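The block underneath contains the structure these notes are about, expressed in structure tokens.
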Amino acid sequence: MSALAAPNEVVTRALLRQVNVPGLDRPAALITLDNGFDHTKPNSFGPGGLNSLDEAITAALAADPAFIAVTGKPYIFCVGADITSLPQLADREQALEIGRLGHRVFARLKDSEIPTFAFVNGAAMGGGLELALHCHYRTLSGGAAALALPEVSLGLVPGWGGTQLLPNLIGIPAATQVIIQNPLMQNKMLKPKQAAEMGIADVLLEPADFLERSLEWAAGVVRGEVTVTRPEVDKDMWAGVLYFARQTLDQRLHGAVPAAYKALDLLETAKDADFAAGTAAEDEALADLVFSEELRSGLYAFDLVQRRAKRPAGAPDKGLARPVTKVGIVGAGLMASQLALLFARRLQVPVVMTDLDQARVDKGVGYVHAQIEKAVSKGRMDKGTAAKLYGLVSGSVDKGVFADADFVIEAVFEDLAVKKQVWAELEKIVKPEAVLATNTSSLSITAMAEELEHPERVVGFHFFNPVAVLPLLEIVRGERTDDATLATAFAVGKQLKKSSVLVKDAPAFVVNRLLTRFLGTVFAAVDQGTPLEVADRALDPLGLPMRPLALLQLVGPAVAYHVGGTLHAAFPDRFGVSENLKRIAESGQPIVVDDQINAEVAKLLVVGDQPLTEEQVRQNALDALAQEIRLMLDEGVVAEAQDIDLCMILGAGWPFHLGGVTPYLDRTGTSERVTGKRFLPHGVASLPA
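Under this note's numbering, residues 512 to 1200 are what the sequence shown spells out, in order.
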């Protein structure tokens, strides 16, 4: 029994019962993990939960059952360690002890002479999946929502056997993908079918009668009627795969995520070390990482995404929201078409697009239909759902189709005069209570609505591209936007499964303002004479998802130049206008080709003779971010620094190990040097002072 205690732990109990299974001469022992809450509060393991499981295993073994199986409460197997308790660990020895406790308890299932099974009925992540890996056999429900070893994304490693068991079960290439690659790709999850094909599960079963079928299958294994075969793991490719993975990490992260490199070392150990030595190495790695700044930033970022994103600061009472039974979209270009598909899929209401001529309308509707067909062909959508969506999305050249719409969003050219004209026309058509939403990326909501009879119903509804992938939605309140409009916008955002952040009507809002300042500083260095290559790799030590020039290409030089112009007009002292960026935008040439800077673009530049070093470019960019964030907070663009970080994580893909951005600026001393104070108190996203 461990002396460890977590005062605030929600203990996941391991509930043991005997189950009679046809065809067996004695009952099976079924252990169900259940913390007493519904699926919205998943099972997790702290010291109390591990001790409860330990006791259940002891009792199960004493009963001499036909087999022992572990499963979870409805929809949830277990999502791993109770990470909220990690910051409470006082010293390295305590961190070692929590690692050893998990290893000792889980190993009892691995070492049992009685067959052990994991019936993975729902979400299984981190230590939950590691628990399943310790069992001799695994069944998996086709309805399991999430399967992953996400620890590296937080600044940890799988610390309860995952790095040792998984590669020896499914091979080193797939294990490296699950343990390192997926966590660093916006924490990508495995689908049940994919996990089964990898060999993580021995059999994939339908969710409707999952437990019954699992018991039958397990009985078949015990009776020798079901033979489980697993492919032999190729140890010869181990070194090559890890060498390539390390090179990839160096290219992408440049040492910025210590946990990823620790995970690589542990995977290397798994090739030849015995299990006890491998798990002891996991304990040491875990203890090292628990007291790192990257982990504290990762836990802070995780909390933002899991909790703050679900309770947007400043959002009005949701009871004020009006029902939305029809959506109108002004425009039928790529962004508008993406929006049409998203609204139809999530809201399940009629969605109608309009544009200047029938050819554009047809192209937009055609795009939506093609995406639906693609989803069906790849098995991501059934034909019944597809048929319904076909019927929901339509197009017209007549804006009169918006007369009965409850929510109309425009996605037209980013020009204030054009957008004002759109709303002036629509106000004569739509009903008085209809919400008018704009997907503008930088223009003033207040100015857009100022000449309308009902400016109170205009709201900013800023998506990020690609619409289906990036979860952030900046909801912008104009000076006269009323609470009912805002509440409706937040309700729609929730239905769209987006994470909404309330933003004040300020130039370029949050993400575009910060990225424009950031890119502007980097491009200013180029204008001074810094070689493109030097400026581009200057931010490598941060481990950002892409380098500045690749980001600029993704945004589009013309769009970046336009947004930069908007911000220059508002804040000329901080946002310059780069003639070199204008030249690139007008040339239409790609900045980056096959991950290499386009030599033709470099020839377009007219630069000075005062080049900067990588360190100078990096520090200038960080200083600019710190200054701009402080000004945005002083202006009340968002409620708190936490909302800035949430926006950067969800809208720009900035990594958890940075905590978004403000923890990193605090950690490096940039915040205090530039603005005179930290953005966050010590201990919030960092080690205590």
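For each residue, glycine too, the CB sits at the ideal point set by N, CA and C. It should be emphasised that the depicted structure is a prediction, and the values quoted were computed from it without experimental measurement.
- Here the C-alpha atom of A812 lies approximately 18 Å from the C-alpha atom of S1182.
- Scanning D747, A592, A843 and Y878 for the CA closest to the CA of E921 turns up A843.
- Close CB contacts of V879 within its chain, under the 6 Å cut and outside five residues either way in sequence, are with S848, A851, L852 and V904 (chain order).
- Taken through DSSP and simplified to helix, strand or coil, G766 comes out as coil.
- In terms of Cα proximity to A525, the closest of D565, P533, A517 and D549 is D565.
- Across the structure, G670 and F578 are spaced so that their CA atoms are roughly 27 Å apart.
- In the three-state reduction of the DSSP assignment, F1001 falls in the helix class.
- Straight-line spacing of the CA atoms in G911 and V1066 works out to 34 Å.
- The straight-line gap separating the alpha-carbon atoms of G610 and A791 is approximately 9 Å.
- The C-beta distance from M864 to G875 rounds to 5 Å, short enough to meet the 8 Å contact threshold.
- In this chain, the alpha helix (DSSP H) harbouring D799 covers F786 to V801.
- With at least 16 other beta carbons inside 10 angstroms of its own, G1171 counts as buried.
- By the neighbour-count criterion, in which a residue is buried when 16 or more other Cβ atoms sit within 10 angstroms of its Cβ, D917 is buried.
- By the Cβ neighbour-count rule, D794 is buried, with 16 or more other Cβ atoms within 10 Å of its own.
- When rounded, the separation of the alpha-carbon atoms in P823 and L1053 is 28 Å.
- Taking the C-beta atoms as reference points, N546 is found no nearer than 8 Å to V581.
- At the C-beta level, V732 and Y648 come within 8 Å of one another.
- Secondary structure remark: continuous alpha helix (DSSP H) runs of at least 4 residues inside the stretch 1089-1169, in chain order: 1090-1098, 1110-1113, 1125-1146 and 1152-1163.
- Out of S803, A820 and G789, the CA that lies nearest to the CA of V768 is found in S803.
- For the options E743, V1185, W1165 and K1188, the alpha carbon positioned closest to that of G809 is the one of W1165.
- For the pair of segments examined, the stretch 588-600 was found not to touch the stretch 533-543: the number of CB pairs separated by less than 8 Å stays below three.
- Taken atom to atom, the span from the alpha-carbon of D1105 to that of A1061 is near 10 Å.
- Judged by their CB atoms, V838 and V816 are not nearer to each other than the 8 Å cut-off.
- In this structure, DSSP gives F913 a helical state, which the three-state scheme calls helix.
- Distance from the CA of T949 to the CA of V969, rounded to the nearest whole angstrom, comes to 8 Å.
- By the Cβ-count criterion, F975 is buried, with 16 or more other Cβ atoms from all chains shown falling within 10 Å of its own Cβ.
- R524 is bridged by DSSP to D545.
- A634 has I587 as its beta-bridge partners, per DSSP.
- Per DSSP, the continuous beta strand (DSSP E) segment holding H973 begins and ends at V969 to H973.
- Under the 8 Å Cβ criterion, the stretch 1132-1145 counts as touching the stretch 1026-1039, having at least three qualifying pairs.
- Exclusion of the five residues before and after V689 leaves L660 as the residues of its chain whose Cβ lies within less than 6 Å of its Cβ.
- The beta carbons of V1021 and V1014 sit closer together than 8 Å.
- Here A781 carries a coil assignment [DSSP, helix/strand/coil].
- Here the stretch 620-630 does not lie against the stretch 677-686, with fewer than 3 beta-carbon pairs under 8 Å apart.
- In the three-state reduction of the DSSP assignment, R603 falls in the helix class, which pools H, G and I.
- Boundaries of the beta strand (DSSP E) harbouring F918: F918 to E921, taken from the DSSP string.
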